[in-house]
Amino acid sequence: MNTQFIKALLGSNGGFAALVLRVPVGLILAAHGAQKLFAWFGGYGLEGTGQWMASIGLEPGYLMALMAGSAEFFGGLALALGLLTRPAALVSAFAMLVAIFAVHIGNGLFMSNNGYEYALTLFVVTLSLAIQGGGRFALDNVLLNRLGGGTGR
Numbered sequence: 001m002n003t004q005f006i007k008a009l010l011g012s013n014g015g016f017a018a019l020v021l022r023v024p025v026g027l028i029l030a031a032h033g034a035q036k037l038f039a040w041f042g043g044y045g046l047e048g049t050g051q052w053m054a055s056i057g058l059e060p061g062y063l064m065a066l067m068a069g070s071a072e073f074f075g076g077l078a079l080a081l082g083l084l085t086r087p088a089a090l091v092s093a094f095a096m097l098v099a100i101f102a103v104h105i106g107n108g109l110f111m112s113n114n115g116y117e118y119a120l121t122l123f124v125v126t127l128s129l130a131i132q133g134g135g136r137f138a139l140d141n142v143l144l145n146r147l148g149g150g151t152g153r
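Numbering follows UniProt numbering, in which position 19 of the sequence shown is assigned residue number 19; successive positions increment by one, without gaps.
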């Protein structure tokens, strides 16, 4: 196994700050994904979300809803746990970029006008987690130690 790659993927010099970012943002993303996938928390599920996505030009809508919902739900859970933090953060950041440019950019910055400020905030947080990793209290450290990549710090 390539230990340099494993260290780059799972290692992190982040401390408590990564935990503070990971857990709430991961849970928020997971909840948004659950709306899309399972119609939980007032969401429309795959069918409804897929129809909406098709209506704004993201086609095939059902597949786009499945991909966006999965990125948010599974990526969010992984972020909250600190499990494969960097890949989960990159996938989530990409999903937020799509949301910004496909849905919100034309409405300006502010959420009150369905603007992009919230998606931008989630993008910036997930991008920072992709850069720094999961931090001291992440399951990535357990994986890193089991795979022989060191202490994770």
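For glycine and all other residues, C-beta sits at the position ideal for the given N, C-alpha and C. All of these numbers come straight from a predicted model, not from anything done at the bench.
- Taking ASN13 as reference, the option from ARG146, ASP140, PHE94 with the minimal CA-CA separation is ASP140.
- From the listed residues GLY48, TYR118, ARG136, the smallest Cα separation to LEU29 is found for TYR118.
- In the displayed model, ALA93 falls within a helix according to three-state DSSP.
- Using a Cβ distance threshold of 9 Å, LEU81 and GLY26 count as a contacting pair.
- With a cutoff of 9 Å on beta-carbon distance, ALA93 and ALA78 are scored as not near each other.
- With contacts defined as CB atoms closer than 9 Å, ALA102 and ILE56 qualify as a contacting pair.
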